[in-house]
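Student: Every letter in the sequence shown is one number past the one before it in numbering that gives the first Met the number 0, and letter 22, counting from 1, is 21. In this text, a Cβ means the ideal position worked out from N, Cα and C, and glycines have one as well. Treat the numbers as computed from the prediction; the structure is a model and nothing was measured. A single structure is presented below for examination.
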Amino acid sequence: MSTLIQLRNVSKIYHTAAGEVRALDGVTLDIDHGEFVAIVGQSGSGKSTLMNILGCLDLPSRGVYRLSGRNMSRCSSITQAHVRGKEIGFVFQGFHLIPSLSALENVELPLIYRGIGREERRHRAKESLRRVGLSQRMDHRPCELSGGQQQRVAIARAIAMAPPLILADEPTGNLDTTSGGEVMKMLHELNGEGHTVVLITHDSVIAKSAKRRICISDGRVSY
Ligand SMILES: Nc1ncnc2c1ncn2[C@@H]1O[C@H](COP(=O)(O)OP(=O)(O)OP(=O)(O)O)[C@@H](O)[C@H]1O
Ligand SMILES: [Mg+2]
């Protein structure tokens, strides 16, 4: 399998009024295309910091991050946004749906930003919602959907551009066991279809379902 994510000696230092915080400390890591990886670690260990770098939402202070061979370590925020839109689908604990928009419109929104025409946008958004089993709920607004259904809308939004990488930060954190199980099943199915999935979780049962677990502690990776 070929390498999708390559981190070499990546550190992230936050400068605060109270001093420096070394949130990541020399992380070296490869993730191949097609992997399903869980990132686990205690609160404050650096998981979200790592996720922000992998998701091109932040830059490392030191070291090199390559995504699909492209060096993302020093690039502009415009390049970061471009790569995010094309290569990465995000799923967050709090769903991050827009309350005033229907499920269909929520899924369409990033496609508008990507400059995709109306017809194709509709088609892709409907197909993604069908994919997550929500064909019957496309015109519902988030408040008219259950938590599990809202997270499936967020997954539909994440996969609408068919990104190679899905980054999920505690995607089951706000869900009951059954809905959480459905979301995990969906992420595994998407992985089976070729998406690389990187999942942050506190839940050891959920982490066990991943093919590979990466443990992070005090900003360092331990296997
Ligand atoms: N913007 C910031 N400025 C300063 N320090 C930060 C910032 N973001 C995170 N930190 C610090 O960096 C360390 C790692 O934080 P991070 O959010 O990555 O942890 P986490 O593993 O995601 O924790 P949790 O499980 O609680 O979400 C912590 O010590 C935190 O206080
Ligand atoms: Mg976090």
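Please indicate yes or no: does the CB of residue 46 lie closer than 7 Å to some heavy atom of ligand 2?
Tutor: Translated into positions along the sequence shown, residue 46 becomes position 47. Yes, the beta carbon of residue 46 sits closer than 7 Å to at least one heavy atom of ligand 2.
Student: At what residues does the beta strand (DSSP E) containing residue 108 begin and finish?
Tutor: Here the question's residue 108 lines up with position 109 in the sequence shown. Here residue 108 belongs to no beta strand (DSSP E); instead the alpha helix (DSSP H) covers 102-112.
Student: Can you name the start and end residues of the beta strand (DSSP E) that residue 18 belongs to?
Tutor: For this step, residue 18 is matched to residue 19 along the sequence shown. Taken as a continuous stretch (DSSP letters only), the beta strand (DSSP E) holding residue 18 covers 18-31.
Student: Given the structure, does residue 64 come close to ligand 1, in the sense that its CB is under 7 Å from one of the ligand's heavy atoms?
Tutor: As a first step, residue 64 is located in the sequence shown; it is residue number 65 there, counting from the start. No, since every heavy atom of ligand 1 falls outside the 7 Å radius drawn around the Cβ of residue 64.
Student: Only counting runs of 3 or more residues, tell me where the beta strand (DSSP E) segments fall wholly within the region 149-209, in order along the chain.
Tutor: 164-168, 195-199
Student: On a CA-only basis, which of 11, 177, 17, 150 is nearest residue 24? Give me that one, please.
Tutor: Within the sequence shown, the letter at position 25 stands for residue 24. The shortest C-alpha separation from residue 24 is found at 11.
Student: Using alpha carbons as the reference points, say which of 21, 137, 4 lies closest to residue 27.
Tutor: Stepping through the sequence shown from its first residue, residue 27 is reached at position 28. Checked all of 21, 137, 4; the closest Cα to residue 27 is 4.
Student: What first and last residue would you give for the beta strand (DSSP E) that runs through residue 258?
Tutor: This structure cannot speak to residue 258, because the chain is shown only from 0 to 222.
Student: Could you tell me the distance, in whole angstroms, from the CA atom of residue 52 to the CA atom of residue 179?
Tutor: Position 53 of the sequence shown holds residue 52. Position 180 of the sequence shown holds residue 179. So the two alpha carbons sit approximately 26 Å from each other.
Student: Which residue from 158, 175, 169 puts its Cα closest to that of residue 192?
Tutor: Locating residue 192 in the sequence shown gives position 193, counting from the first residue. For residue 192, the nearest C-alpha among the options comes from 158.
Student: If you drop the 5 nearest sequence neighbours on each side, which residues of the same chain put their C-beta closer than 6 Å to that of residue 138?
Tutor: On the sequence shown, position 139 is the one that residue 138 refers to. So the list reads 101, once near-sequence residues are dropped.
Student: Any heavy atom of ligand 1 closer than 7 Å to the beta-carbon of residue 15?
Tutor: Your numbering for residue 15 matches position 16 in the sequence shown. Yes, Cβ of residue 15 sits closer than 7 Å to a heavy atom of ligand 1.
Student: If residue 185 and residue 171 are in contact, beta carbons under 8 Å, what's the gap, nearest whole angstrom?
Tutor: Here residue 185 corresponds to residue number 186 of the sequence shown, with the count starting at 1. Here residue 171 corresponds to residue number 172 of the sequence shown, with the count starting at 1. The pair is not a contact, with the Cβ atoms about 11 Å apart (cut-off 8 Å).
Student: Comparing the CB of residue 82 with every heavy atom of ligand 1, is any distance shorter than 7 Å?
Tutor: Walking along the sequence shown from the start, residue 82 turns up at place 83. No, the Cβ of residue 82 stays beyond 7 Å of every heavy atom of ligand 1.
Student: Is residue 224 near ligand 1 - that is, is its Cβ less than 7 Å away from at least one heavy atom of it?
Tutor: Missing from the structure shown is residue 224; the chain here goes from 0 to 222 and no further.
Student: Taking the alpha helix (DSSP H) that residue 47 belongs to, which residues open and close that run?
Tutor: Indexing the sequence shown from 1 puts residue 47 at position 48. 46-53 is the extent of the alpha helix (DSSP H) around residue 47.
Student: Going by C-alpha to C-alpha distance, which of 2, 127, 33, 202 sits closest to residue 187?
Tutor: Here residue 187 corresponds to residue number 188 of the sequence shown, with the count starting at 1. Out of 2, 127, 33, 202, 33 has the C-alpha closest to the C-alpha of residue 187.
Student: If you draw a straight line from the C-alpha of residue 216 to the C-alpha of residue 123, how long is it?
Tutor: Along the sequence shown, one-based indexing puts residue 216 at 217. Along the sequence shown, one-based indexing puts residue 123 at 124. When rounded, the distance between both Cα atoms is 40 Å.
Student: Under a three-way DSSP split, which group does residue 74 fall into?
Tutor: Locating residue 74 in the sequence shown gives position 75, counting from the first residue. In the three-state scheme derived from DSSP, where H, G and I count as helix and E and B as strand, residue 74 is classed as coil.
Student: Please tell me whether, using a cut-off of 7 Å, the distance from the CB of residue 20 to the nearest non-hydrogen atom of ligand 1 is below it.
Tutor: Stepping through the sequence shown from its first residue, residue 20 is reached at position 21. Yes, since a heavy atom of ligand 1 falls inside the 7 Å radius drawn around the Cβ of residue 20.
Student: Can you determine whether any heavy atom of ligand 1 sits closer than 7 Å to the C-beta of residue 43, and answer yes or no?
Tutor: Counting from 1 along the sequence shown, the entry for residue 43 is found at position 44. It does: the Cβ of residue 43 is within 7 Å (strictly closer) of some heavy atom of ligand 1.
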